[in-house]
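Down below is the structure, laid out as structure tokens.
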Amino acid sequence: MADGSPGFKFRETQLEYARHVTEALNDGAVLTLEAGTGTGKTQGYLIPVMEYLRLNPDVRVMISTYTKSLQDQIYSREIPRTVELERDYREIAVALLKGKSNYLCAEKLNSAFEEDLKGVQLLTWLYFAHLIFLFRQADGETVGERVGRYLNVSPYFRQLQSEISAKTGCTGSHFLCPAQVALAEARSAHVVITNHHKLALIDLDEELSGLFRNFIIDEANHFEQAVRNAFRLAVNSREIMDIVAYLELALQRISRKAAGEVETAIGQCYELLSEFQQAIQIFGNVLRTIFPASTKGEILELPTSHVAYPDGDIEKVLRLFADLLKTLVRSLSFLKDPDTSRALRILPRSQERIKNALSRLFVEAENFLLLEKTIRSENMVAACQLYSRHWLLMVHAVDVSGLIQRHVYNKRDCVVYTSATLRQRNRFDDFCKIVGMDCPDGERATSASKEDEQPVLLDREKRAFRFAALPSPFSREAMKMILPKRAVNGSYENKQVWLKSVADLLPELIRQGNRFGLVLFSSYADLEAVALQTGDEIVANGFPLLIQTIGQPTGNLIDEFRLIKESVLFGVDTFWYGVDFQGDTLTQVIITRIPFPFPFDPLQIARKKMLPAKEFWNRYYYEAMIKLKQGIGRLIRSENDRGRVVFLDSRCRHFEELWH
Ligand code: SF4
Numbered sequence: 130m131a132d133g134s135p136g137f138k139f140r141e142t143q144l145e146y147a148r149h150v151t152e153a154l155n156d157g158a159v160l161t162l163e164a165g166t167g168t169g170k171t172q173g174y175l176i177p178v179m180e181y182l183r184l185n186p187d188v189r190v191m192i193s194t195y196t197k198s199l200q201d202q203i204y205s206r207e208i209p210r211t212v213e214l215e216r217d218y219r220e221i222a223v224a225l226l227k228g229k230s231n232y233l234c235a236e237k238l239n240s241a242f243e244e245d246l247k248g249v250q251l252l253t254w255l256y257f258a259h260l261i262f263l264f265r266q267a268d269g270e271t272v273g274e275r276v277g278r279y280l281n282v283s284p285y286f287r288q289l290q291s292e293i294s295a296k297t298g299c300t301g302s303h304f305l306c307p308a309q310v311a312l313a314e315a316r317s318a319h320v321v322i323t324n325h326h327k328l329a330l331i332d333l334d335e336e337l338s339g340l341f342r343n344f345i346i347d348e349a350n351h352f353e354q355a356v357r358n359a360f361r362l363a364v365n366s367r368e369i370m371d372i373v374a375y376l377e378l379a380l381q382r383i384s385r386k387a388a389g390e391v392e393t394a395i396g397q398c399y400e401l402l403s404e405f406q407q408a409i410q411i412f413g414n415v416l417r418t419i420f421p422a423s424t425k426g427e428i429l430e431l432p433t434s435h436v437a438y439p440d441g442d443i444e445k446v447l448r449l450f451a452d453l454l455k456t457l458v459r460s461l462s463f464l465k466d467p468d469t470s471r472a473l474r475i476l477p478r479s480q481e482r483i484k485n486a487l488s489r490l491f492v493e494a495e496n497f498l499l500l501e502k503t504i505r506s507e508n509m510v511a512a513c514q515l516y517s518r519h520w521l522l523m524v525h526a527v528d529v530s531g532l533i534q535r536h537v538y539n540k541r542d543c544v545v546y547t548s549a550t551l552r553q554r555n556r557f558d559d560f561c562k563i564v565g566m567d568c569p570d571g572e573r574a575t576s577a578s579k580e581d582e583q584p585v586l587l588d589r590e591k592r593a594f595r596f597a598a599l600p601s602p603f604s605r606e607a608m609k610m611i612l613p614k615r616a617v618n619g620s621y622e623n624k625q626v627w628l629k630s631v632a633d634l635l636p637e638l639i640r641q642g643n644r645f646g647l648v649l650f651s652s653y654a655d656l657e658a659v660a661l662q663t664g665d666e667i668v669a670n671g672f673p674l675l676i677q678t679i680g681q682p683t684g685n686l687i688d689e690f691r692l693i694k695e696s697v698l699f700g701v702d703t704f705w706y707g708v709d710f711q712g713d714t715l716t717q718v719i720i721t722r723i724p725f726p727f728p729f730d731p732l733q734i735a736r737k738k739m740l741p742a743k744e745f746w747n748r749y750y751y752e753a754m755i756k757l758k759q760g761i762g763r764l765i766r767s768e769n770d771r772g773r774v775v776f777l778d779s780r781c782r783h784f785e786e787l788w789h
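Position 383 of the sequence shown, counting from 1, maps to 512 under our numbering, and the rest follow consecutively.
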């Protein structure tokens, strides 16, 4: 590759990386491979995978990543480069597969068309039609970022997007449907690029289960969270209310033409719809009573028993919602009857749409029942989020190692976990525990739930767990690490003092850096507080300030940061791990506070109850350490990069491995 492709350079560590992957594929091992930035991980596993498939044409490999940008990069840039190496690789079919919720259903979109659509609603409909047409090149995020800002303000955009998702209710087999095309391609491909979520659920996919016996899990430090989300149960009152609102509208239109028994049935349905809407509102108020000081979207631990619930238990509430929804679906099902539809002159398109709405309501009723069944289960945590007009309830696993044992190692030949950051204090033990593997020193994997303790699934006697760590080829000299003397403790108790210190130091540091700077925050609340205190001064000093906002796509922000010299970017979440600014686009990373997990996050609270104190705190530090390393890793992305990392939280000095 180094001989033939410009920009490639032979690297000993990349060769070693590829050797580990090759051996794992040949031996059917579970390999955990940490490799520092610049090793060339992607080609380091792609070349062995392609070669393995060339020699074993009946085998299939699934590659998953956490970020969509890496999936696109592998599919559009890296695989074509690998294929150039060897003529036979052209025979290896490769497919990109997203979760079903990423695809839109053309049939449902067709049903959602109304003759009287106009203005923003008509544009929204056309926008989704365009997305379906361009499904290979664009999705809701890429195109949505440009036009979404305009369309997204209308509630119709969100309603239609959720209504036409291909995730549920597919009754057809339209062969030009994007979801069907992608699935057919994945079924016949030798290599499938997908996300962690899809990979974790692959055994539950009727079409793809059993086809892929080899997994490469890139960005493996995010795998645990992705598995947790994949198996999460949730209900969102806004989505349900959107369906209910549509049915109410449909009834209004129909009722003008109804008479006799049908008119009476419609009247009863109105009452049920109104009863359900009231129940949703009342429960929102109950949650507001329980959490009077909660902030918008904050993830809160949902009590399973509380005096504010009817009869004191959450199960009763969940069952009530399920019963109400099922009664609604039953009462409205007369609309599915072809004779009634004809008599009421319901257009076939609207008939389809009503059917679809009813089946979505039925799924929501089942979701309430599933929540009821699992909410007190061992190893499960219940949480909620409150917004001004809606709420979310969710239940997810605390320890996902059992799920990973069952759904990842079981029936698999080879699994490769890889990332730049998996170890703490040079050991893989924490990662092993998280993903349910035996530790390198022989400690056996355990699982939180008794149900998960099925050693046969791990096939321990035969299964080889292997571990390797390869250093980054980049020189440590390229990066200076600085902890200013004036930096103070960033603990929650010291927040005001810390905030003042950051506000004092930040403008000065940006002036000194004098070029592109990335400022990383551990929460939006921190970002907003610091932006409020320093934003004007930074801009007045001549540094354009770019600020990430909750829920907004980051693509434009990243492009602007690359384009505008001397700009400063304030970022949370994805900016710690999901961005790659090479060259002089980034010369300074400022880490404002150690990214410890939020201590009042229901997951942390549940984990604290489940684990011995020492284990809990070790895990707590592990998460912060991995994120810190990821943040630091944003700075040096290529051989010629130079710059500095500045910490504004004095507790960083205790993270010894950062300084050696
Ligand atoms: S195959 Fe299913 S998801 Fe695709 S357009 Fe038809 S109904 Fe919709």
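Just so you know, even glycine gets a beta-carbon here, dropped at the ideal spot from N, CA and C. All figures in this text were calculated on a predicted structure; none of them were measured in a lab.
- Here L337 has A315, R316, I331 as same chain residues with Cβ atoms under 7 Å from its own Cβ, once five neighbours each way along the sequence are excluded.
- Assigned with DSSP and collapsed to three states, F596 falls in strand.
- Here H525 carries a strand assignment [DSSP, helix/strand/coil].
- As the crow flies, the alpha-carbon of L500 is around 11 Å from that of F450.
- Taking 8 Å as the upper bound for CB-CB distance, A222 and A318 are in contact here, some 4 Å apart.
- Annotation: the continuous beta strand (DSSP E) that includes Q514 extends over 509–515.
- At least one heavy atom of ligand 1 lies less than 8 Å from the C-beta of G301.
- Remark: the shortest separation between the CB of E336 and any heavy atom of ligand 1 does not fall under 8 Å.
- The DSSP assignment places complete beta strand (DSSP E) segments of no fewer than 3 residues inside the segment 321–358 at 343–346, in order along the chain.
- Distances from the alpha-carbon of G165 to those of P600, F341, V446 put P600 closest.
- Apart from the 5 residues on each side of it in sequence, R482 sits with its Cβ closer than 7 Å to the Cβ of S240, A241 in its chain, given in chain order.
- Around K237, the same chain offers E292, I293, N485 as residues with beta carbons nearer than 7 Å, after the five sequence neighbours per side are excluded.
- Distance between A593 and G157, taken at the CA atoms: about 8 Å.
- Each of N324, V775, L184, V668 was checked against the Cα of V631, and the nearest Cα belongs to V775.
- Inter-segment contact for the segment 699–708 and the segment 676–689 is present: three or more beta-carbon pairs are separated by less than 8 Å.
- Cα atoms of Q381 and F264: separation of roughly 35 Å, rounded to the nearest angstrom.
- Counting only the Cα atoms, R385 lies some 15 Å from L476.
- When the Cα atoms are used, M610 and Q641 turn out to be separated by approximately 15 Å.
- Around the CB of T663, 16 or more other CB atoms lie within 10 Å, so the residue is classed as buried.
- In this structure, DSSP gives I192 an extended state, which the three-state scheme calls strand.
- In the same chain as C398, and ignoring 5 residues on each side of it, the C-beta atoms closer than 7 Å to its own belong to L380, S460, L461, in chain order.
- Around the beta carbon of N414, a 10 Å sphere encloses fewer than 16 other beta carbons of the protein chains shown; the residue is thus reported as exposed.
- By DSSP's assignment, Q717 forms a beta bridge with G646, R773.
- At least one heavy atom of ligand 1 is found less than 8 Å from the C-beta of K237.
- Closest option to L522, judged by alpha-carbon separation, among L447, F596, C543: L447.
- By the Cβ-count criterion, H149 is buried, with 16 or more other Cβ atoms from all chains shown falling within 10 Å of its own Cβ.
- Straight through space, the alpha carbons of M191 and D770 are spaced by roughly 33 Å.
- A heavy atom of ligand 1 is found nearer than 8 Å to the CB of Y232.
- DSSP places Y438 outside any beta strand (DSSP E), giving it a letter other than H or E.
- Check the Cα spacing between P177 and each of T211, Q202, V159: the tightest is with T211.
- Relative to ligand 1, the nearest heavy atom lies less than 8 Å away from the CB of A308.
- Residues A598, E786 of the same chain have their beta carbon placed closer than 8 Å to that of N555, with the five preceding and five following residues left out of the count.
- Secondary structure within the segment 682–711: the beta strand (DSSP E) runs of 3 or more consecutive residues, fully enclosed, are 697–700 (chain order).
- Along the length of the segment 380–433, whole beta strand (DSSP E) runs at least 3 residues long occupy 428–430, reported in chain order.
- E493 sits close to E368, with the two beta carbons spaced by under 9 Å.
- The straight-line gap separating the alpha-carbon atoms of S767 and N496 is approximately 47 Å.
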